[in-house]
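J.: First the structure, which I've put down as structure tokens, then a few questions once you've had a look.
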Amino acid sequence: MFDVAVIGLGAMGSASLAALARAGLKVIGLEQFHSPHQRGSSHGDTRVIRETYFEDPAYVPLLQEAYRLWDALQQRHPEQKLWRLTGGLMLGPADGHLIQGCLRSAQQWSLPHQQLCAADIQARFKAFALPDNITGIYEPRAGLLHPEACIQAFLDDASAAGAHIRMHSPLLNWEPLARGGFCLQSPTGLIEARKVVWSTGAWLPQWQPTLPLQVTRQLLFWFSLPDSKPFQPEHFPIFLLEYQPEKYLYGFPDTGLGFKVAIHVPGRPLSSPDILQAAAAEAEELGEISQLVQQWFPQVSGPPAQSQVCMYTNTPDHHFILDRPPHSPDMLVVSPCSGHGFKFSSVIGELVLREIQDQDPGLDLSLFRLQRFQKC
Ligand SMILES: Cc1cc2nc3c(=O)[nH]c(=O)nc-3n(C[C@H](O)[C@H](O)[C@H](O)COP(=O)(O)OP(=O)(O)OC[C@H]3O[C@@H](n4cnc5c(N)ncnc54)[C@H](O)[C@@H]3O)c2cc1C
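Counting in the working numbering, the sequence shown runs from 778 upward without gaps.
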């Protein structure tokens, strides 16, 4: 009997497995593919990490713990490039959702930041072309994470601490045991575990159909650069731009693959996560992103050189779920992160450990509890 089985070894599952194993628990992780892979929500070379969190200031203490844990992970894996702080620019109209939300978080938690006008930004960061009505908040602690390398580092930590890891082992079925715990069925045999962590990402609705979740298809694009110097990490921070009310373009410096950008609003609903690979970018979508990039970065022209598809698992309020499903005290749901969860995966792993051990989480998790959906 394992203490805990973790189902799905993407971002949240690999971080959880590592935290549980490092604490000395007897754990097993099941993954349907070979993680890290490109068929879920955690691929595409880079993810933003930022601190002046416009979504809600309540995320800031979690972020600060997440930063500490990313730093510790990097120190345990000096041979891997897991993250890089490039600074971050949050851009939009002064009264917009993004700028107002960032200021709220920065002021409430006294976070280092600078308010800049369009002319200041263009003088400092040459690649941007901004109209005068755009204002910016520069935060020095923002940057990027390399998700595939981070997941591999978590899996290496888990393995070194004695976790059993089974790749190409989808969970097929499960049932509760009369004496407590669960029997889990996978092609590699039956497994018994006292507790189960559900970190199946976009596949979660299949296992927890009563949760109010919607899986959407999201696109990532890379553009070739005629002159990459202004887009190098020393000259170009990660950015998030509210180009229309509550519509965001975000992007990264060139880390060797070109200029990467994406749109951060839920995309088209997907009837099944298994059809992702057949849902490549269409001509209209390539045209939309090319036009946006040309408008805000005039040095970049033409269609994207490359694109990828990925998935968001969205809740109605776009906050996460970290909770036990109703009437299932020995199960924990951790995946649905509405397209902004990767930066938190380090701290979510530690929170899973505290929840599994029935410890005080030490952080306010009320934003992530299922009870909030009953109130709606
Ligand atoms: C395009 C895009 C851009 C994003 N940008 C950012 C960003 O800049 N910053 C940020 O913080 N966040 C970002 N996010 C969000 C973040 O990447 C996700 O919240 C996070 O990676 C999701 O992790 P996960 O563990 O829930 O899902 P995944 O990493 O997809 O893991 C789920 C795993 O479960 C496995 N699985 C499913 N079913 C089974 C089964 N039956 N048996 C065994 N295994 C199973 C899957 O194969 C998969 O490996 C972005 C997401 C996308 C899609």
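Built from N, CA and C at the ideal position, the CB exists for glycine as well.
What you are looking at is a predicted structure, and each value in this text was computed from that prediction instead of being measured.
Going by beta-carbon coordinates alone, are residue 946 and residue 807 separated by less than 8 Å?
T.: Position 169 of the sequence shown, counted from the first residue, corresponds to residue 946. Position 30 of the sequence shown, counted from the first residue, corresponds to residue 807. The answer is yes: Cβ separation under 8 Å.
J.: CB residue 737 to CB residue 1060, shorter than 8 Å?
T.: Limits of the chain in this structure are 778 at one end and 1153 at the other, which puts residue 737 out of reach.
J.: Going by DSSP, name the residue or residues bridged to residue 1087.
T.: Here residue 1087 is taken as the residue at index 310 of the sequence shown, counted from 1. Paired residues: 995.
J.: Under the rule that 16 or more other beta-carbon atoms within 10 Å means buried, what is residue 1042, buried or exposed?
T.: Residue numbering aside, residue 1042 sits at position 265 when the sequence shown is read from its first letter. Burial call: exposed.
J.: Counting only runs of 4+ residues fully inside the segment 1016-1101, write out the alpha helix (DSSP H) ranges in chain order.
T.: DSSP runs (the alpha helix (DSSP H)) wholly in the segment 1016-1101: 1060-1073.
J.: Let me know the secondary structure DSSP gives residue 1111 once reduced to three states.
T.: By one-based count along the sequence shown, residue 1111 stands at place 334. The answer is coil: DSSP assigns residue 1111 none of H, G, I, E or B.
J.: For residue 979, which of helix, strand or coil comes out of DSSP?
T.: The residue given as residue 979 occupies position 202 in the sequence shown. Three-state result, residue 979: helix.
J.: Go to residue 780, then tell me how far its alpha helix (DSSP H) extends in each direction, as first and last residue.
T.: Residue 780 sits at position 3 when you count from the first residue of the sequence shown. Per DSSP, residue 780 belongs to no alpha helix (DSSP H); it is in the beta strand (DSSP E), 779-784.
J.: Can you find the residues in the same chain that come closer than 8 Å, C-beta to C-beta, to residue 879, ignoring five residues on each side of it along the sequence?
T.: Position 102 of the sequence shown, counted from the start, is the residue given in the question as residue 879. The answer, listed in chain order, is 829, 830, 831, 867, 890, 914 and 916.
J.: By how many angstroms is the C-alpha of residue 892 removed from the C-alpha of residue 1146?
T.: Here residue 1146 corresponds to residue number 369 of the sequence shown, with the count starting at 1. Here residue 892 corresponds to residue number 115 of the sequence shown, with the count starting at 1. So the two alpha carbons sit approximately 34 Å from each other.
J.: Helix, strand or coil, according to DSSP, for residue 830 in the structure here?
T.: The residue you call residue 830 lines up with position 53 of the sequence shown. Note: residue 830 maps to coil in three-state DSSP.
J.: Check whether the segment 898-909 and the segment 795-806 touch, using three or more Cβ-Cβ pairs below 8 Å as the test.
T.: Contact fails: fewer than three Cβ-Cβ distances are below 8 Å.
J.: For the beta strand (DSSP E) that residue 1154 lies in, which residues bound it at each end?
T.: Residue 1154 lies beyond the residue range present for the chain, which begins at 778 and ends at 1153; the question has no answer from this structure.
J.: Mind the definition here: the segment 987-997 touches the segment 1075-1089 only if three or more C-beta pairs lie below 8 Å; say whether that holds.
T.: In short, these stretches touch, since the Cβ pair count reaches three.
J.: Taking the DSSP output, what are the residues bridged to residue 1000?
T.: For this step, residue 1000 is matched to residue 223 along the sequence shown. Residue 1000 is bridged to 1036.
J.: Within 10 Å of its beta-carbon, does residue 884 have 16 or more other beta-carbons around it, so buried, or fewer, so exposed?
T.: Your numbering for residue 884 matches position 107 in the sequence shown. So residue 884 counts as exposed.
J.: Take every Cβ of the segment 807-826, pair it with every Cβ of the segment 1099-1107, and state whether three or more of those distances are shorter than 8 Å.
T.: No contact exists between the segment 807-826 and the segment 1099-1107.
J.: Is it the case that the Cβ atoms of residue 859 and residue 960 are separated by a distance below 8 Å?
T.: To locate residue 859, count along the sequence shown from 1; it is residue 82. To locate residue 960, count along the sequence shown from 1; it is residue 183. No, the pair does not count as a contact, with Cβ atoms beyond the cut-off.
J.: How many angstroms separate the CA atom of residue 1153 from the CA atom of residue 1077?
T.: Position 376 of the sequence shown, counted from the first residue, corresponds to residue 1153. Position 300 of the sequence shown, counted from the first residue, corresponds to residue 1077. Because residue 1153 sits at a pLDDT of 42, beneath the cut-off of 50, its placement in the model cannot be relied upon, and the following sentence gives the value as read from the coordinates. Those two C-alpha atoms are separated by around 44 Å.
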